[in-house]
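Each residue of the sequence shown is one higher than the one before, starting from 1 at the first, in UniProt numbering.
Beta carbons: idealized from backbone N, C-alpha and C, even for Gly.
A short worksheet on the structure shown next.
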Amino acid sequence: MRNIKSLIFGLAALVVAFGLVFSMSAFKSNSVKRAPVYFKYEGSTFDETAYRNISNWQHTSAPEEEACIGDSDICILSVDSDNLTAPGSMLDKLDYFFNTDLNGSGQVESYVDNPANREAEQN
């Protein structure tokens with residue numbers, strides 16, 4: 001009788017273990033790498049107000065070809081394409097992103113200054 005109970009508990013534990021493995025693998029996210037969109041910063045000051053001025057930015061599809069001179073400040077900004085949902089040009093989309101998703105005080109500067117969002121800095 002003791003062996004039968006041990007066998008039943010062993011099988012039950014095995015079923016639970018397989019169930020957990022199966023359920024965890026079934027819910028794995030299929031993370032898709034989103035396409036970055038690049039913008040070159042052409043302003044001469046590096047603060048929240050200047051970053052929010054959309055005329056200081058230029059959309060670029062070849063960030064590696066852009067010349068950057070200056071003192072290790074932002075040159076090329078990388079923005080996830082999922083953040084650029086507004087209609088219009090890429091600059092319109094960036095402006096909308098800055099003014100809608102990053103509408104708090106200092107949020108654009110924090111976003112631009114985050115190394116994860118910088119494709120290139122000025123040399």
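Self-check item: Chain-order list of residues whose beta-carbon lies under 7 Å from that of D82 (same chain, five-residue window excluded)
Solution: R34
Quiz item: What does Y41 pair with, by DSSP beta-bridge criteria?
Solution: W57
Exercise. Could you tell me which of I74, Y96, A50 and F46 sits nearest to E119, measuring between CA atoms?
Key: I74
Exercise. Specify the secondary structure class of S89 as computed by DSSP and reduced to three states.
Key: coil
Quiz item: Tell me, which residues are paired with D113 by DSSP?
Solution: DSSP output for D113 lists no bridge partner at all.
Exercise. Measuring alpha carbon to alpha carbon, tell me which of K93, D80 and N114 ends up nearest W57.
Key: K93
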